[in-house]
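Below: one structure, written as structure tokens.
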Amino acid sequence: MAIVSDMANGALGFTQKHIDRVIPPEHRQKAYKQTGDFASTRPILFAFMLIQSILAFIPLLLFVSFVASTFLLAVGTALIFTLFWIGVSLAVLIPTLVVTGSVGLFVWAWAVGSFLAVRWAYGLLQNVFPEMQHRNTQDGKQNGTQAKKIGTVELKQFPAKNLQDPGAQDGGEEL
1 MAIVSDMANG
11 ALGFTQKHID
21 RVIPPEHRQK
31 AYKQTGDFAS
41 TRPILFAFML
51 IQSILAFIPL
61 LLFVSFVAST
71 FLLAVGTALI
81 FTLFWIGVSL
91 AVLIPTLVVT
101 GSVGLFVWAW
111 AVGSFLAVRW
121 AYGLLQNVFP
131 EMQHRNTQDG
141 KQNGTQAKKI
151 GTVELKQFPA
161 KNLQDPGAQD
171 GGEEL
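Its first residue numbered 1, the sequence shown is counted upward by one per residue in the UniProt record's numbering.
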């Protein structure tokens with residue numbers, strides 16, 4: 001019995017300490033005195049207000065607990081719903097990223113392989129056909145063509161010929 005009494009006194013002291021922190025004892029004493037004075041001067045009105053407050057407390061408490069539990073249920077459901085759809089979208093996104101990454105790697109490897117193959121073929125053709133090698137000319141002209149040197153590569157510009165449509169009348173129509 002002494003243990004229960006000690007626990008009750010400890011709980012009461014803990015509660016009193018926190019109430020004192022929120023509402024100082026002077027303000028509480030003033031409120032108690034005003035309530036006692038009101039109960040002495042208007043006992044019927046005080047009894048009516050006290051009974052109404054006590055009887056309204058339980059439905060108000062139930063309503064507040066209903067609102068709080070509904071809010072927590074809605075938040076929990078929304079969180080679970082959101083996490084579910086995030087999981088579904090990740091289940092679609094990750095394989096999509098793997099596929100697009102693989103396609104990107106394939107396209108890059110194809111481009112590099114094509115570049116290396118063309119470079120190898122160009123080098124092979126230069127060895128087979130030595131006239132394809134770049135020539136340095138003194139005046140930039142050779143065999144009726146005009147050559148421009150860009151870096152180490154010489155580009156040839158061939159003279160434009162008058163190309164005519166063979167099916168046209170009166171000497172042909174230029175293309």
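Cβ atoms here follow ideal geometry from the backbone N, Cα and C, with glycine treated the same way.
Query: Measure the CB-CB distance between Phe57 and Phe46 and report whether it falls below 8 Å.; Result: no
Query: From Thr77 to Leu90, what does the alpha carbon distance come to, in whole angstroms?; Result: 20 Å
Query: Helix, strand or coil for Phe129, going by three-state DSSP, please let me know.; Result: coil
Query: Hey, how far is the Cα of Ile23 from the Cα of Ile51?; Result: 25 Å
Query: Considering Arg21, what are the terminal residues of the alpha helix (DSSP H) in which it resides?; Result: 2-22
Query: Please list the terminal residues of the continuous alpha helix (DSSP H) segment that includes Arg28.; Result: 25-41
Query: How many Å lie between Leu106 and Gly113 at the Cα?; Result: For clarity, residue 106 is Phe in the given sequence; the question names Leu instead. So the alpha carbons of these two residues sit roughly 10 Å apart.
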